[in-house]
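At position 94 of the sequence shown the residue is numbered 94 (the UniProt record's numbering), and the sequence of numbers has no breaks.
Data first, discussion second: the structure below is written as structure tokens.
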Amino acid sequence: MKIRALLVAMSVATVLTGCQNMDSNGLLSSGAEAFQAYSLSDAQVKTLSDQACQEMDSKATIAPANSEYAKRLTTIANALGNNINGQPVNYKVYMAKDVNAFAMANGCIRVYSGLMDMMTDNEVEAVIGHEMGHVALGHVKKGMQVALGTNAVRVAAASAGGIVGSLSQSQLGDLGEKLVNFAILPAPGSRSR
């Protein structure tokens, strides 16, 4: 009986010693962020999209409305329509060599001039249509949930102390992203992606 009590006491001491290295505020914060990821509403996604679009627009050089890029995008946009599931869209060209385009839940659609330089109008239309499809199918919301969940895992891991707490932020980020992607996203090859 004394051995059992001694083992219990040693176990409790070991657990409490481990807890001494934990950042309880960080753990609470990560829990709140994980809940936010789980409960993210469509309205919050649009608000976050508004903020992200404004931030990106403020840092980018946007093609003037009378430029060849903007005129070309207007022609392409006319074929794609002016809304995604009822959400009005606005199209702009970022003057950058990047070969990219994106669409956000608030209707923000941006195409980089580098992409337009490489593709025909039909190809650009296909790329933009693909990006609009991500919005229509809720992929933007899922992406935000993954980002919030990944950050929650990073904060929780950094707050845990010990070996996990000593990992670099990039290692934590990689681990967290893999865990969150595994938990939230469907398996590769599934029809729901």
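Every residue gets a Cβ at the ideal spot worked out from N, C-alpha and C, and that includes glycine.
Contact between the stretch 88–100 and the stretch 141–151 is absent, with fewer than three C-beta pairs closer than 8 Å. By the Cβ criterion, the stretch 61–72 is not in contact with the stretch 82–89, since fewer than three pairs of Cβ atoms, one from each stretch, lie closer than 8 Å. Inter-segment contact for the stretch 67–83 and the stretch 41–59 is absent: fewer than three beta-carbon pairs are separated by less than 8 Å. Within the same chain, Cβ atoms closer than 7 Å to the Cβ of residue 50 are found at 106, the five residues on either side in sequence being excluded. Here residue 141 carries a helix assignment [DSSP, helix/strand/coil]. Distance from the CA atom of residue 131 to the CA atom of residue 149, rounded to whole angstroms, is 23 Å. Between residue 111 and residue 101, the C-beta spacing is below 7 Å. Across the set 120, 40, 124 and 97, the C-alpha of 124 shows the shortest separation from the C-alpha of residue 109.
Remark: C-beta atoms of residue 98 and residue 81 do not approach each other more closely than 7 Å. Contact annotation, residue 134 with residue 127: C-beta distance approximately 11 Å; criterion of less than 8 Å not satisfied. Distance from the CA atom of residue 71 to the CA atom of residue 62, rounded to whole angstroms, is 13 Å. A residue is called buried when at least 16 other Cβ atoms come within 10 angstroms of its Cβ; residue 151 meets this threshold and is buried. By the criterion of a C-beta distance shorter than 7 Å, residue 121 is surrounded in its chain by 72, 75 and 76, once the five residues flanking it on both sides are discounted. As computed with DSSP, residue 92 is found in a beta bridge with 110.
In the DSSP assignment, residue 87 forms a beta bridge with 84. Non-local C-beta neighbours of residue 53 in its own chain, meaning closer than 7 Å and more than five positions away in sequence, comprise 104, 106 and 108, ordered along the chain.
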